[in-house]
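For what it's worth, the working numbering labels the leading residue of the sequence shown as 14, then goes sequentially.
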Amino acid sequence: MTRLPRTAPAAVPTPSAAAGAASAYITDNAGGGITFTRTPQGPVCSDTMSGNTDGDAVGAYGGSYDPTGVCP
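This is the structure we're talking about:
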């Protein structure tokens, strides 16, 4: 298996309304925005996401999270 170099920009943290949470810009990832492989997670919210080919939340627990939702 050949790994392709990462071409998407890295997440850029920005202030968030939730204590202990940070929002990010996550864009143009071929394998999905955030891969959730374990649960529970801390706050995952208020992220700006677009162009993620497989979706914004992927992995075994991707359906349990909405990374673009409002922070609690």
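Beta carbons are placed, not taken as given, at the ideal position from N, Cα and C, and that holds for glycine. As the structure is a computational prediction, the values presented were derived from the model and not from experiment.
Across the structure, D67 and I47 are spaced so that their CA atoms are roughly 10 Å apart.
Between C58 and G76, the C-beta gap is not smaller than 7 Å, which leaves the two residues out of contact. By the Cβ-count criterion, S36 is buried, with 16 or more other Cβ atoms from all chains shown falling within 10 Å of its own Cβ. Looking at the DSSP output, A70 shares a beta bridge with I47. Bridge pairing for Y78: absent [DSSP].
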